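The working numbering puts the first residue of the sequence shown at 1358, with every later residue one more than the last.
Glycine residues also receive a C-beta, built at the ideal position from the N, C-alpha and C atoms.
Predicted, not measured: the structure shown is a model, and the values here were computed from it.
First comes the structure, then the notes that go with it.
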Amino acid sequence: MTANDRRPVALVTGGGGDIGRAIALRLTQMSAAVAIVDRDEVAANASARLVEDAGVRALAIRADVSSALDTAAFVETVEAELGPIGIFANNAGIEGVVAPLHEYPDETFDRLLQVNVKGVFLGLKHVLARMTQRGAGAIINTASTSAIRGRAGLAGYVASKHAVLGLTRTAALEVSGTGIRVNAVLPGPIESRMIRELEGQARDNAVSLRRNGAVVHGRPRDVANIVAFLASDEAAHVNGAAWVVDGGTTVA
1358 MTANDRRPVA LVTGGGGDIG RAIALRLTQM SAAVAIVDRD EVAANASARL VEDAGVRALA
1418 IRADVSSALD TAAFVETVEA ELGPIGIFAN NAGIEGVVAP LHEYPDETFD RLLQVNVKGV
1478 FLGLKHVLAR MTQRGAGAII NTASTSAIRG RAGLAGYVAS KHAVLGLTRT AALEVSGTGI
1538 RVNAVLPGPI ESRMIRELEG QARDNAVSLR RNGAVVHGRP RDVANIVAFL ASDEAAHVNG
1598 AAWVVDGGTT VA
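Pasting the structure below:
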């Protein structure tokens, strides 16, 4: 058995997006293989190629995380083709629209809950079912600083990210002492397609998403580095935590 064989298999949902791709690439440094799940097959394959270029085996899977059937299938596929999942970056999410709550579209709110909440729940459910049999694993849910504050115009997104933090804390309590850890990373504004989309909508609707003046955007790798720490043995005593990555914008 080689040293690489002893390294865990990592699963990253939303791995075709900016933050998900950065997480997948960062996890190549500590994983034997990385599975990338995304609704966008082209983006998933592009991330997988970058992982392979880094010298690590990759598997790209097109799936909808809000589907119980899809989730059960991709977890099964990853473990059948790559091996037991040891690191799960439960990262997939969408942003919705910017609109006052009294004008917020019902269908958009519903879709945000389906992807950002049910998708996280389903990922936890199906991966934990396997990790608990083995008594080992690290799960990192991607929430947002919107999980700990309000944001005008983002009712659906804020509600969904509050729920992600609640699911994280619940799962962490349930796995305490089992050898499994569940934590959350809470990015602030990160340079990505999502923040560009939200800020563009905000400008169009004359809504400010900012609270304390100018905000310097973080980089996707800033989030990926925290995910890697939470997945590592260095975070062995960290469970149920909410790690804010925002340059200090939520301090005041």
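**OP:** Measure the alpha-carbon distance for ASN1569 versus THR1606 and round it to whole angstroms.
**Re:** Since pLDDT at ASN1569 reaches only 46, below the 50 mark, its modelled position is unreliable, and the value read off the structure follows with that caveat. One C-alpha to the other measures close to 7 Å.
**OP:** Would you kindly work out how many angstroms separate the C-alpha atoms of GLY1604 and LEU1543, rounded to a whole number?
**Re:** 11 Å
**OP:** Could you check which residue in LEU1416, ARG1468, ALA1516, VAL1602 has the C-alpha nearest to that of ALA1401?
**Re:** LEU1416
Original post:
Nearest to VAL1432 by alpha carbon, out of ASN1582, THR1370, SER1501?
Top reply: THR1370
Original post:
Measuring CA to CA, which of GLU1548, ILE1497, LEU1530 is closest to ALA1541?
Top reply: ILE1497
Original post:
Do the CB positions of ILE1451 and LEU1439 come within less than 8 Å of each other?
Top reply: no
**OP:** Go ahead and pull the three-state DSSP assignment for ARG1611.
**Re:** Outside the shown range of the chain, which is 1358 to 1609, sits residue 1611, and nothing can be said about it.
Subject >> Beta-ladder partner(s) of VAL1394, from DSSP >> reply: THR1370, ILE1418
**OP:** Kindly indicate the opening and closing residues of the beta strand (DSSP E) around ASN1540.
**Re:** 1537–1544
Original post:
Do you know how far the Cα of GLU1398 is from the Cα of MET1387?
Top reply: 25 Å
Original post:
Alpha carbon to alpha carbon, what distance is there between VAL1539 and ALA1528?
Top reply: 7 Å
Original post:
Start and end of the beta strand (DSSP E) containing ASN1582?
Top reply: Where ASN1582 is concerned, there is no enclosing beta strand (DSSP E), although the alpha helix (DSSP H) it sits in stretches over 1577–1588.
Original post:
Among all the DSSP beta bridges, which residues are the ones paired with PHE1445?
Top reply: LEU1368, ILE1496
Subject >> LEU1511 (DSSP reduced to helix, strand or coil) >> reply: strand
Subject >> Cutoff 8 Å; reference ALA1430; Cβ partners in own chain excluding five residues on either side >> reply: ALA1420
Original post:
Excluding the five sequence neighbours on either side, which residues of its own chain have a C-beta within less than 7 Å of the C-beta of SER1501, listed in chain order?
Top reply: LYS1518, LEU1543, PRO1544
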